[in-house]
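Numbering (UniProt numbering), first residue to last: 1 to 461. Don't be surprised by glycine CBs; every beta carbon is placed ideally from N, CA and C.
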Amino acid sequence: MALKSFVDIHSDSHFPLENLPYGVFKPNHGGEARPGVAIGNYVLDLSEIASAGLFNGPILMNSDCFLQPSLNKFVGMGRPAWKEARKTIQKLLSSDEPTLRDNASLREKSLLPMDKVQMLLPTVIGDYTDFFTSMHHTKNCGTIFRGPVNPILPNWFHLPVAYHGRASSVVISGTDIIRPRGQGHPIGDSPPYFGPSLKLDFELEMATIVGPGNELGKSVDVNEAADHIFGLLLMNDWSARDIQAWEYVPLGPFLGKSFGTTLSPWIVTLDALEPFACEAPKQDPHPLPYLDEKISKNYDISLEVRIKPAGQENSTVVTRSNLKHIYWTLTQQLAHHTINGCNLRPGDLLGTGTISGPDPESFGCLLELTWNGQKPLSLNGSPRKFLEDGDEVIFTGCCKVSSPTGKLEMLKIDGTNHVIRLGCSALGMVTTSGSGHAPERLSQHRFEEHGAISLSLQLLS
Ligand SMILES: O=C(O)/C=C/C(=O)CC(=O)CC(=O)O
Ligand SMILES: [Ca+2]
Ligand SMILES: [Mg+2]
């Protein structure tokens, strides 16, 4: 039986009582940023619940972790605190518990309709790292950027490859993104292009929010790494492929990635995702002992990306993938990150890397889906290579299974039918800026090819 709440939750809701993802919000009517939990179409204000003394378990009773403008303090407290909070919140929201159900004034203060709040970044992100853990994405990028001979470099099967990202430009879904300018890869003998990126892309990713960190100099054991993972959210690592292809040798991604990374607002906890855990892919060669985990787990999370071009009413699905396709697990990523003694801190962000599946319909970015623009996609009849002005990019994640008939069904676990969706993320809209001026030093041939417009990218909620 699904758990039942006194809050009216539509059967299709992203946020049943089994999910309870955490975020940070500001009420539209005013007030400071505070932590909340999503339930149906409502946000439960945890600062109000804490102020009412309803977190009465031994760990949270006297804690001010929910009276903070971010979740850093709470996520840093670790799994016993997370479990206690989940138990308290699940009980408070259940249909047979009168404490909140029958307290009209507290209900009014603490249960706010989602459309009456503004979501903010859930944690202060000290550091952001992006991994490269889908073998399919790695192979496709290798082929496109470096050619078909040995597209996957030998180190990839021995360690989770990553680069250090830029935390300052990580933004919440709905934030404007400006199309980056930079140097693009030259064509033939011509000088490098300079101007607004002509190959703007999304990258379908999920990301870990780090819970308790580790001390500088002390690494995290891979078998204990799950206790350092608070939860997951959706992430769009916006990427400018023309800038990336020119600048990345030999130090890796830089300005082609650092102009913006979008996060979904709700962190779904590993506790909520546990029913959807699945076996991780077999690793060959066998990993070194520090990456060799007793239980090697992925999560079966269906992911979808849609693009809604400007002026069109409907969005078009451009890919369907699944988190289970990643080769290196979340726990291996975290353990590897700390093996040299590097300290992670509560609230840090670890992107999985682009989540491409094996089939062309499951590739996680336009670079792969259009094979670097050579095979345009059809968006409701119009051909599309990369992101254009007015495009809206929408990510969704959902835990569910496909039946043999191809119909999507909710996963049945222990007789329970429930579905956990991760909420939408990364709604992007590209608009033409008013100026229409060609930036100086723009390489003429490339510029003419694409029309003399200055471009900008915006995200809409
Ligand atoms: O193959 C390359 O040179 C780089 C590929 C990427 O785009 C790096 C990245 O962001 C990792 C990822 O998303 O998987
Ligand atoms: Ca990436
Ligand atoms: Mg990016």
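When the Cα atoms are used, what is the spatial distance from residue i to residue j?
i	j	result
THR316	PRO360	16 Å
GLU224	ASP189	52 Å
ARG384	GLU392	13 Å
ILE301	LEU92	28 Å
MET77	LEU288	30 Å
SER362	THR319	5 Å
LEU291	VAL7	43 Å
LEU273	THR262	22 Å
CYS365	CYS399	21 Å
LEU71	SER168	17 Å
ARG345	LEU67	20 Å
PRO186	PRO250	17 Å
MET429	GLY373	Any reading at MET429 needs caution, since the residue's pLDDT is 34, under 50, leaving its predicted position unreliable; the model's value is listed next. Taking the straight line joining both Cα atoms gives about 20 Å.
ILE355	MET206	8 Å
ASP115	HIS286	49 Å
VAL268	ILE89	14 Å
SER11	SER5	12 Å
THR197	SER51	Residue identity differs from the one stated: residue 197 is Ser in this sequence, not Thr. Near 49 Å, if we compare the C-alpha coordinates of SER51 and SER197.
GLY174	SER264	9 Å
PRO191	GLY184	9 Å
LEU216	VAL210	15 Å
ASN56	THR99	13 Å
GLY397	VAL117	22 Å
GLY126	ILE394	26 Å
LEU106	VAL37	15 Å
Residues in the same chain with beta-carbon distance under 6 Å from residue i, minus the five sequence neighbours each way, listed in chain order, please.
i	result
GLY381	none
LYS199	ARG241, ASP242 and PHE386
SER13	GLY40
PRO212	GLY76, GLY78 and HIS228
Compute every distance between the C-beta of residue i and the non-hydrogen atoms of ligand 2, then say whether any falls below 7 Å.
i	result
THR354	yes
Beta-carbon within less than 8 Å of residue i's beta-carbon, same chain only, minus the 5 sequence neighbours each way: which residues are those?
i	result
LYS109	ASP45 and GLU48
PHE131	PRO160, VAL161, ALA162, TRP328, GLN333, LEU350, GLY351, THR352 and GLY353
LYS83	ASP271
ASN150	GLY142
ASN214	VAL220, HIS228, THR338, ASN343 and LEU344
SER95	LYS4, SER5, PHE6 and ARG101
At a cut-off of 7 Å, would you count residue i as near ligand 1, judging by its Cβ distance to the nearest heavy atom?
i	result
HIS137	yes
PRO250	no
PRO148	no
PRO253	yes
PHE6	no
SER169	no
SER134	yes
GLU274	no
GLY373	no
SER321	no
PHE259	no
SER362	no
PHE395	no
GLU142	In the sequence as presented, Glu is not what sits at residue 142; that position holds Gly. Yes, since a heavy atom of ligand 1 falls inside the 7 Å radius drawn around the Cβ of GLY142.
PHE145	yes
SER173	no
LEU205	The identity of residue 205 in the sequence shown is Glu, whereas the question assumes Leu. Checking the Cβ of GLU205 against ligand 1 gives yes.
SER239	yes
For residue i, collect the residues of the same chain with a Cβ closer than 7 Å to its Cβ; drop the 5 residues on either side in sequence, then sort them by chain order.
i	result
PHE145	ALA245
LEU112	PRO27, TYR42, VAL43 and ASP45
ARG166	TYR128 and SER258
LEU255	PRO180, GLY182, ILE243 and GLU247
ALA277	LYS297 and TYR299
GLY357	HIS136, SER321, ASN322 and HIS325
LEU369	VAL318, THR319, PHE363 and LEU377
ASP414	Caution applies to ASP414, whose pLDDT of 29 falls short of 50 and renders its modelled position unreliable; the value that the coordinates give is listed next. Closer than 7 Å at Cβ, skipping near neighbours: no residue.
HIS336	LEU159, PRO160 and LEU291
Buried or exposed: residue i, going by 16 or more other Cβ atoms within 10 Å of its Cβ?
i	result
GLU279	exposed
ILE177	buried
LYS87	exposed
ALA81	buried
LEU121	buried
ALA104	exposed
ASP64	exposed
LYS308	buried
LEU20	buried
SER134	buried
MET235	buried
GLU32	exposed
ILE172	buried
GLN444	At GLN444 the pLDDT is 21, less than 50, meaning the model places this residue with poor confidence; the figure from the coordinates comes in the next sentence. Per the 10 Å Cβ criterion, exposed.
MET119	buried
| task | Could you please go through the chain and list the residues whose beta-carbon is closer than 5 Å to any non-hydrogen atom of ligand 2? | result | ASP130, GLU203 and ASP237
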